[in-house]
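Undergrad: After the C-alpha cells below, expect a handful of questions from me.
Numbering (my numbering), first residue to last: 1 to 128.
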C-alpha cells in the first residue's frame with residue numbers, strides 16, 4: 001500500500017533518527033577499537049554523556065475516540081472505555097516511538113506501585 005505524503009513525512013524523522021543512531025554507534029565502536037589509552041578514556045566519557053541523556057518513557061494503557069460533545073460531558077465519576085481489555089499487553093513508548101510491550105505488574109518492593117514486565121521487544125529497536 002502506497003503511503004500518503006503526510007505519512008512519508010512522518011516516517012522521515014524516524015528514518016533520520018535511525019541513521020543518526022547507527023552512525024553514532026559506528027563512531028563509538030571505532031573509537032573503542034583505537035589502541036590509544038587516553039583516547040579510550042575520552043571515548044568512555046563520551047559514552048557516559050550519551051547514556052545519561054534523559055528520554056521520555058510512557059506506558060500506554062489504551063486509547064479511545066469520542067466526539068467533542070461526549071468529551072465535554074465527562075465529569076467526576078465518568079468512565080471512559082479504552083480499546084484494550086484487561087490482561088492485554090500495554091505499549092512502552094520512548095520519545096514517541098513504541099519500543100516494547102509488556103504486562104502490568106505490582107512491584108514486589110512496593111505493593112502500592114505498578115510496574116511493567118516486558119514481554120516483547122519490538123523488532124528494530126534492540127541495540128546493535
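Just so it is clear, CB atoms sit at the ideal spot from N, CA and C, and this is done for glycine as well.
Predicted, not measured: the structure shown is a model, and the values here were computed from it.
1) Could you tell me the boundaries of the beta strand (DSSP E) in which residue 118 lies?
2) Kindly indicate the opening and closing residues of the alpha helix (DSSP H) around residue 69.
3) Using three-state DSSP, classify residue 65 as helix, strand or coil.
4) Where residue 68 and residue 62 are concerned, what is the direct C-alpha to C-alpha distance, given to the nearest angstrom?
5) For chain D, check one thing: does any of its Cβ atoms lie closer than 8 Å to the Cβ of residue 55?
TA: So, from the data block:
1) Along the chain shown, read from residue 1 onward, the residue named residue 118 stands at position 118. First-last of the beta strand (DSSP E) with residue 118: 114–121.
2) Along the chain shown, read from residue 1 onward, the residue named residue 69 stands at position 69. Unbroken alpha helix (DSSP H) run through residue 69: 68–72.
3) Sequence index remark: in the chain shown, residue 65 carries index 65 (1-based). Three-state result, residue 65: coil.
4) Translated into the one-based positions of the chain shown, residue 68 becomes position 68. Translated into the one-based positions of the chain shown, residue 62 becomes position 62. One alpha carbon belongs to residue 68, the other to residue 62, and they sit about 19 Å apart.
5) No chain D is present in this structure, which holds just one protein chain.
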